[in-house]
Amino acid sequence: MKTIWHNGRIYTMEKEGETVEAVLTEDGTVLEVGTLDRLRAQADNEVDLQGAVMYPGFIDSHMHMIGHGSRLLQVDLSYVTSAEQMLVRLKEAAADHPTDEWFTADGWNENNFADCRIVTRLELDSISTSPMFLKRTCRHAALANSKALELAGITKDTPDPDNGTIVRDGAGEATGLLLEGAADLVEAVIPVPDEAALTRALQASVEDLLARGITGAVTDDLGYYADYRNPLQAFRNVIGEDKLKFRAHLLRRSTVFQSLMEDGATYDEPWIHGGEMKFFIDGALGGRTALLSKPYSDDPGNSGMAVLTDEEIRENIALARQYGEAVAVHTIGDKALEKLLDAIEANPPAGGKRDRIIHVNVLSDELVDRMERLPVILDIQPVFVSSDFPWAKDRLGEDRMDWAYAWKKLIERGFICGGGSDAPVEEVDPLLGIYAAAYRRKPGEKHEGYLPKEKLSRYESVALFTSGSAATMDKADSRGKIAKGFDADFTILDRDLLTVDSEDMLKAKTFMTVVAGEIMYKGN
């Protein structure tokens, strides 16, 4: 059945400002775009947009879909604004929690507290005798109470792991704060969610994403739940032709990559696709674990940490190349990126493949010059600017600001850049990412933006989450634009993000979300 979509403003995103009167679709594909009169004669069915604004389907280029769903279903600490408020929220949530069952939550961020105070294990002990494990918003640090530390075998005499730190007080006792690999010691003893639990989380996630106008995502979930089988089956349970239509590009963690390849794991095209091998080289700026070439300006004895050795980085890349695959690598600090580029230059991907570099928050002229000579794409998170500033300047100092969060320069240099949220590390709402790319400030602030020369145009900001994200998946010729032969994936909002007042962008509501020509969400 041929369907015509009309009576709204339809942005093709083929070039800035280009609109068409109508779109004709059939079997999940755009047949033609053009005038209403010409296309209506061919249509069997009509969808009246009622004055709404249609864009190509929004794509989140980097998130954790199951993690996002888990946050929706559990205690969310991302909104607390002090250590005291955090403790009150935890006490309320723990009141009805079964004794001795693990209590988990995430989202806390001491940078949102006026005094930046981090809760201690003793304070958590006063709330519950159940083991407690609370992930920081960045997922590169966590808090544990005494019971959780006991179950993980962490005592005063436990040495720091090679890839992390057990933060200790003056007497050498663990404070409860665990950085990078130290948190893994506790996470390893937490019961792994089964297939049913992962399916519930993913169902909640996809429903929420569709309601926000998101039609697809590059997601990092395989390898977080002990084995790849349960999370992969959860994707098959939730997404598909006769289920929720959504397009998931699955990164494959290095810890399970070889098993996936040797087992011949199957996906479900065009809804679920196996992507690059994913691994981390460093941590995050917020917790001062991102690996920098020079020490932190506000912590002169600390340059961050590498979570893999140079040899481990080379081994991961060699394994990916063995199977003809690209890599997707978390690098926030400039030293982490340098290590990655060294390894890629020595062992580049097969022809037609591009390595995915995730975050690239701290760069330099030399590193950008090197990236230009390599087949790479960049996953950037515009909302990091509004979340990380102004404290990011304290971490990096003025001399590193020229290539910090430098989205505009990267696009002008011709890099393929996709826009992501890194949810649940940040809010998944694409409007927040688009706003942050265009204005580089927190909603409601009135200044000219943090590092305002790096602000993108409205068109460029929307393109990050449409054509840009599609290009990072090698789908530049089939997704991210409204054009003949492209997938009929549309995000339809009640207002025009390219013309409304700045703060009104954030008030936009989803009118419809369309995947493969089918309305998967319709607003009230």
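The opening residue of the sequence shown carries number 35 in this note's numbering; numbering runs sequentially from there. Backbone N, C-alpha and C define an ideal beta-carbon position, used for all residues, glycine too.
Checklist entry - Can you list, in chain order, the residues of its chain whose CB lies under 8 Å from that of ALA186, leaving out five sequence neighbours each side? => result For the purposes of this step, residue 186 is taken as the residue at position 152 of the sequence shown. Closer than 8 Å at the Cβ level, and outside the excluded window around ALA186, lie ALA178, LEU219, VAL220, ALA222 and VAL223.
Next on the checklist: Give me, in chain order, the residues of the same chain whose beta-carbon lies closer than 6 Å to that of ASN103; leave out the 5 immediate sequence neighbours on both sides.
Outcome noted: Translated into positions along the sequence shown, residue 103 becomes position 69. According to the sequence displayed, residue 103 carries Gly and not Asn. Cβ neighbours of GLY103 beyond the five flanking positions: ALA235, LEU236, ALA238 and SER239.
Checklist entry - Looking only at its own chain, which residues have a Cβ that is under 6 Å from the Cβ of TYR301, when we skip the five neighbours before and after it? => result Here the question's residue 301 lines up with position 267 in the sequence shown. If we look at TYR301 and ignore the five residues flanking it on each side, its Cβ neighbours are HIS307 and GLY308.
Checklist entry - Are the segment 290–301 and the segment 331–345 touching by the rule of at least three beta carbon pairs closer than 8 Å? => result no
Checklist entry - Is the segment 168–183 touching the segment 127–146 in the sense that three or more CB pairs, one from each, lie closer than 8 Å? => result yes
Next on the checklist: Can you check which of these residues, PRO458, ALA362, LEU485 and VAL394, is closest to PHE423 by C-alpha distance?
Outcome noted: As a first step, residue 423 must be located in the sequence shown, where it is residue number 389. Cα-wise, what sits closest to PHE423 is LEU485.
Checklist entry - In whole angstroms, what is the alpha-carbon distance linking ALA182 and ARG123? => result Mapped onto the sequence shown, residue 182 falls at position 148. Mapped onto the sequence shown, residue 123 falls at position 89. Cα-Cα distance, rounded: 19 Å.
Checklist entry - Rounded to a whole number of angstroms, what is the C-alpha to C-alpha distance between LEU65 and ARG270? => result Reading the sequence shown from its first residue, position 31 is the one you call residue 65. Reading the sequence shown from its first residue, position 236 is the one you call residue 270. Rounded to the nearest angstrom, the two C-alpha atoms are 29 Å apart.
Checklist entry - Counting pairs of beta carbons, one from the segment 512–528 and one from the segment 81–90, are three or more of them closer than 8 Å? => result yes
Item to check | Stretch-stretch touch, CB-based, cutoff 8 Å, three pairs: the segment 404–422 with the segment 475–495 | outcome: yes
Next on the checklist: Contact defined as beta carbons within less than 8 Å: I believe GLY452 pairs with GLY519. What is the distance between those atoms, to the nearest angstrom?
Outcome noted: In the sequence shown, counting from the first residue as 1, residue 452 sits at position 418. In the sequence shown, counting from the first residue as 1, residue 519 sits at position 485. About 21 Å separates the two Cβ atoms, so there is no contact after all.
Checklist entry - CB-CB under 6 Å to GLU60, same chain, minus the five flanking residues each way: which ones, in chain order? => result Working through the sequence shown from its first residue, we reach residue 60 at position 26. Correct list, in chain order: LYS36.
Item to check | Backbone secondary structure at LEU325 - three-state DSSP | outcome: Within the sequence shown, residue 325 is the residue found at index 291, counting from 1. DSSP places LEU325 in coil when its eight states are reduced to three.
Item to check | Integer-rounded CB distance, given that TYR259 should sit under 8 Å from PRO227 | outcome: The count along the sequence shown starts at 1 and reaches residue 227 at position 193. The count along the sequence shown starts at 1 and reaches residue 259 at position 225. So it is a contact: roughly 6 Å between Cβ atoms.
Next on the checklist: At the level of alpha carbons, what is the spacing between LYS556 and ALA282?
Outcome noted: Residue 556 sits at position 522 when you count from the first residue of the sequence shown. Residue 282 sits at position 248 when you count from the first residue of the sequence shown. Looking at the two C-alpha atoms, the distance is approximately 21 Å.
Next on the checklist: Going by the DSSP bridge assignment, what does ILE391 pair with across the sheet?
Outcome noted: Taking the sequence shown and counting its residues from 1, the one referred to as residue 391 is at position 357. In the DSSP output, where bridge partners are listed per residue, ILE391 has VAL363 and LEU412.
Next on the checklist: Excluding the 5 residues flanking GLU494 on each side, which residues of the same chain have their C-beta closer than 6 Å to its C-beta?
Outcome noted: In the sequence shown, residue 494 corresponds to position 460, counting from 1. The answer is none, since no qualifying residue turns up.
Next on the checklist: Do SER327 and LYS369 have their beta-carbon atoms positioned less than 8 Å apart in this structure?
Outcome noted: Position 335 of the sequence shown, counted from the start, is the residue given in the question as residue 369. Position 293 of the sequence shown, counted from the start, is the residue given in the question as residue 327. Cβ atoms of LYS369 and SER327: closer than 8 Å.
Item to check | N- and C-terminal bounds of the alpha helix (DSSP H) containing ASN264 | outcome: Taking the sequence shown and counting its residues from 1, one reaches residue 264 at position 230. Segment 263–272, the alpha helix (DSSP H) holding ASN264.
Checklist entry - Going along the chain, which residues of its own chain have a beta-carbon closer than 7 Å to the beta-carbon of ARG233, five neighbours each way excluded? => result Looking up residue 233 in the sequence shown gives position 199. Looking at the sequence provided, one finds Thr at residue 233 rather than Arg. So the list reads ALA268, ASN271 and VAL272, once near-sequence residues are dropped.
Checklist entry - By how many angstroms is the C-alpha of LEU243 removed from the C-alpha of ALA230? => result By one-based count along the sequence shown, residue 230 stands at place 196. By one-based count along the sequence shown, residue 243 stands at place 209. Taking the straight line from one Cα to the other gives about 20 Å.
Item to check | Inter-residue spacing [alpha-carbon to alpha-carbon] between LEU121 and ILE161 | outcome: Stepping through the sequence shown from its first residue, residue 121 is reached at position 87. Stepping through the sequence shown from its first residue, residue 161 is reached at position 127. Approximately 8 Å between the Cα atoms of the pair.
Next on the checklist: Out of GLU400, ILE366 and GLN119, which one is the CA nearest neighbour of ILE391?
Outcome noted: Working through the sequence shown from its first residue, we reach residue 391 at position 357. With distances taken between Cα atoms, ILE391 lies closest to ILE366.
Next on the checklist: Our contact map puts ARG388 next to ALA360 with C-beta atoms below 8 Å; I'd like the distance itself, whole angstroms only.
Outcome noted: The residue labelled residue 388 in the question sits at position 354 within the sequence shown. The residue labelled residue 360 in the question sits at position 326 within the sequence shown. That belief holds up - the Cβ atoms of ARG388 and ALA360 are roughly 6 Å apart, short of 8 Å.
Checklist entry - Tell me, which residues are paired with PRO90 by DSSP? => result For this step, residue 90 is matched to residue 56 along the sequence shown. Answer is PHE524, bridged to PRO90.
Item to check | CB contact below 8 Å: GLU66 versus chain D | outcome: Judged by its chain identifiers, the structure shown contains no chain D, having just a single protein chain.
Item to check | With 16 other Cβ atoms within 10 Å as the buried cut-off, status of LYS515 | outcome: Position 481 of the sequence shown, counted from the start, is the residue given in the question as residue 515. Under this definition LYS515 is a buried residue.
Checklist entry - Under the three-state reduction of DSSP, which class applies to TYR301: helix, strand or coil? => result Position 267 of the sequence shown, counting from 1, holds the residue named residue 301. TYR301 falls in the coil class under three-state DSSP.
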